[in-house]
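Working notes for the structure below.
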Amino acid sequence: MINFAIRVASQQGIGHLMRMKWLAHALIQRGCQVIFILDECTQASWQNITDVAEQLYFVNIGNSRYSQHSDAFFTNEILVKHQCQRLIIDSYQLGVEYERAIDKQVNITVFDDLAREHHCHQLFDMKWCAEHTDKRYKDKLPDECQRYLGPAFALLAPGYRQQNFNTKSRGVHSNHTIRQTIHPSASKNQNLLISLGGGGDLSLLEPFIYHLVERAPALQINLVVGPQAINHQSVECVAAEHTNLTLINHPKSLISYYEQADLFVGALGTSLYELAACQLPAITFSIADNQENDILALEDLGHYFHLDSYYAAQGEKLAALTQLVLQQLPRVNTLRTSAKLTVDGCGAERVAEVLLAPNSAQHELTRDHVKYDKDQLESNKKQASRGYSSEPLTDKVAIRQVDDQDINRYLNARNLPVNAQRMTINEEIPRLSHYHWWFTTDRVSYLLSENGQDRLYIWDSKQQINGQDYLYGGWFTAAGEVPFNLAMLALKWQLSRSKTEHTATWLAVIHKENKFVNLLNQYMGFKETRCEQAIAATQVLFPCATAAQFNYVSLACKDIHL
1 MINFAIRVAS QQGIGHLMRM KWLAHALIQR GCQVIFILDE CTQASWQNIT
51 DVAEQLYFVN IGNSRYSQHS DAFFTNEILV KHQCQRLIID SYQLGVEYER
101 AIDKQVNITV FDDLAREHHC HQLFDMKWCA EHTDKRYKDK LPDECQRYLG
151 PAFALLAPGY RQQNFNTKSR GVHSNHTIRQ TIHPSASKNQ NLLISLGGGG
201 DLSLLEPFIY HLVERAPALQ INLVVGPQAI NHQSVECVAA EHTNLTLINH
251 PKSLISYYEQ ADLFVGALGT SLYELAACQL PAITFSIADN QENDILALED
301 LGHYFHLDSY YAAQGEKLAA LTQLVLQQLP RVNTLRTSAK LTVDGCGAER
351 VAEVLLAPNS AQHELTRDHV KYDKDQLESN KKQASRGYSS EPLTDKVAIR
401 QVDDQDINRY LNARNLPVNA QRMTINEEIP RLSHYHWWFT TDRVSYLLSE
451 NGQDRLYIWD SKQQINGQDY LYGGWFTAAG EVPFNLAMLA LKWQLSRSKT
501 EHTATWLAVI HKENKFVNLL NQYMGFKETR CEQAIAATQV LFPCATAAQF
551 NYVSLACKDI HL
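Heads up: the sequence shown runs through residues 1 to 562, numbered per the UniProt record's numbering.
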């Protein structure tokens, strides 16, 4: 029998404790025994693992004499006592100093997602950072350390395995998607699940929940109250006044609540992988350093709505966005199922297989999993690209209509300094505001690419003011400067599409210092706007564009000559 000891920092969040529980569960199923060494914590936390722990030990990290060396000394005593050949570490507080003080005969496995330096034999990091995933631990690990990186190693409860969702008796054939299985009917009352994880300050959510129950009294809301959560009373008061808000206290599992939910709103931690496994759409935000993520990497997992930070003062805006997303669920569900990487819920089993494999086999397992992620990503990217309908403008240049999968790249491009400084609003647009705008705008946008590389976004809209039809639009670079000929090609394409709008007039505002675009529009036939009615319309369409900073120009569609 192989004995494992798991040293987990139980005070840094219930998610770390639970993911080690599921790893222990997989090891026990393979005939191992598991000892847990925890920081001193409440019974509400440690009682979650009593069914998988052969024995529990506690470390008083609040002791004035505590150090990583003293922690390692205590750990070594336990390893000897229980004849443990393997030590698993999941702690942000413990690092190289602790790892080097562990008995040299012990095999050390580390779980981390902060890309820190380590002294170990195996390292697992489920975090996905797109093309940077393989580079995160460069020069930070011993040469002989085997790295296992990516969401294939996400440690989830057995209930998240995809076959468990697909075989549920919902009257849906097994080849339907998970979301189709969970939501066979669109007529039922909508259900929202809110969670900050196992802890968090619930007062952060009070304004959001208050505005949400006021806006959507028919919405069924489940709010998770974790064992380490604080300020319960802030949401208990709201729940007492609104019967559609239910508090879920210290749930053992969220699987049944995910199944009921149409949307999740909350902190991004372990929930990222649980949501991906369930294919549940979500709006998330970061409340801890380890929850920081690149939004484009999250998109690979089918998650498109994430805020890098969230404050209670944003509660009303978040409630408005939540209501919009619930109104647009078919669009949002399509985004979720467009994931380029899947989470199948089998991560704990994969990790257990690695840990119990002979050393000679571990290197092959590493290569197999890296290749699996890359092959899956490339295959799904190719499939997604085939779904786009592009119009060729030349043999190298094509244009297509922007869709929801462009939502974050569109904002990233708009916020580039080279673009923002030329806009009527030159401040950076926050993601929360952008998401709200995305679901309410009547703007139609297009993406022009050259040799398969995104080059510029161009957009237009139509509005009637005082009985007159006006067209207005703009463009901005997707990355780097755009050459004159490429911008002219895009503008020509845009104007050619509007030639049939015989009674409409194009209106535009151009920053006076933007000589490039002033010259381009002049070349295409735009002239200074002199008509008082058109000037007034311009000020309606572009309220932040002052005549002191911007040139007002116009072009009647009947006068377009290309």
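The beta carbon of each residue, even a glycine, is placed where N, CA and C say it ideally should be.
In three-state terms, what does DSSP make of Asp-300?
helix
For Ser-70, three-class secondary structure by DSSP
Reduced to three states, the DSSP call for Ser-70 is helix.
Just verifying my parser: in three-state terms, what is the DSSP assignment at Ser-498?
coil
Cβ of Val-325 within 7 Å of any heavy atom in the ligand COA?
Here there are no bound small molecules, and the ligand COA is not part of this structure.
Output the distance between the C-alpha atoms of Ala-239 and Leu-324, rounded to the nearest integer angstrom.
23 Å
Given a cut-off of 8 Å on the beta-carbon distance, is the pair Gly-199 and Gly-62 in contact?
no
Is the segment 242-250 in contact with the segment 306-322, if contact means three or more CB pairs nearer than 8 Å?
Segments in contact, no.
Within a Cβ cutoff of 6 Å, which residues of the same chain sit near Asn-175, ignoring the five residues on either side of it in sequence?
At Asn-175 the pLDDT is 37, less than 50, meaning the model places this residue with poor confidence and gives no usable figure here.
Which value, in whole angstroms, describes the spacing of the CA atoms of Asn-191 and Leu-280?
Between the alpha carbons of Asn-191 and Leu-280 lies a distance of about 12 Å.
Alpha carbon of Thr-177 to alpha carbon of Arg-161, nearest angstrom
The predicted position of Thr-177 is uncertain, since its pLDDT is 40 and thus under 50; a value taken from the coordinates is nonetheless stated next. So the alpha carbons of these two residues sit roughly 14 Å apart.
Between the CA atoms of Leu-447 and Asp-403 - distance to the nearest angstrom:
The straight-line gap separating the alpha-carbon atoms of Asp-403 and Leu-447 is approximately 10 Å.
Could you have a look at His-183 and say whether DSSP puts it in helix, strand or coil?
With a pLDDT of 43 at His-183, under the threshold of 50, the modelled position of that residue is not reliable, and the figure given next carries that caveat. Reduced to three states, the DSSP call for His-183 is coil.
Of all the options Ser-498, Ala-504, Leu-456, which has the alpha carbon lying nearest to the alpha carbon of Gln-464?
Ala-504
Which of helix, strand or coil DSSP assigns to His-176:
Only weak support exists for where His-176 lies, its pLDDT of 37 falling under 50; the value from the coordinates is given anyway. Assignment of His-176 by DSSP, reduced to helix, strand and coil, places it in the coil class.
To the nearest angstrom, report how far apart Lys-21 and Phe-153 are at their CA atoms.
14 Å
Give me the Cα-Cα distance between Ala-216 and Leu-432, rounded to the nearest whole angstrom.
19 Å
Residues bridged to Gly-198 by DSSP?
Leu-196
Of the choices Leu-149, Glu-99, Asp-469, whose alpha-carbon is the least far from that of Leu-555?
Residue Asp-469 is the option with its Cα nearest to Leu-555.
Using only alpha-carbon positions, find the residue among Ala-508, Asp-201, Val-553 that is nearest to Thr-529.
When each option's Cα is compared against that of Thr-529, the closest is Val-553.
Taking only the alpha-carbon atoms, compute the straight-line gap between Gly-480 and Glu-501 and give it to the nearest angstrom.
Those two C-alpha atoms are separated by around 33 Å.
Within 8 Å, do at least three Cβ pairs link the segment 23-35 to the segment 76-94?
Flag = yes, the segment 76-94 and the segment 23-35 touch.
Using only CA atoms, which one of Cys-544, Tyr-258, Asp-262, Gly-15 lies nearest to Thr-334?
Asp-262
Which term fits Thr-133, buried or exposed, when burial requires 16 or more other beta carbons within 10 angstroms of its beta carbon?
buried
Do Ala-276 and Val-343 have their beta-carbon atoms positioned less than 8 Å apart in this structure?
yes
Please list, in chain order, all residues of the same chain as Cys-120 whose beta carbon is under 8 Å from its beta carbon, the five residues on each side excluded.
Cβ neighbours of Cys-120 beyond the five flanking positions: Ile-89, Glu-99, Ile-108, Thr-109, Val-110, Leu-141, Pro-142, Cys-145.
Going by DSSP, name the residue or residues bridged to Asn-290.
Bridge partners of Asn-290: none, in fact.
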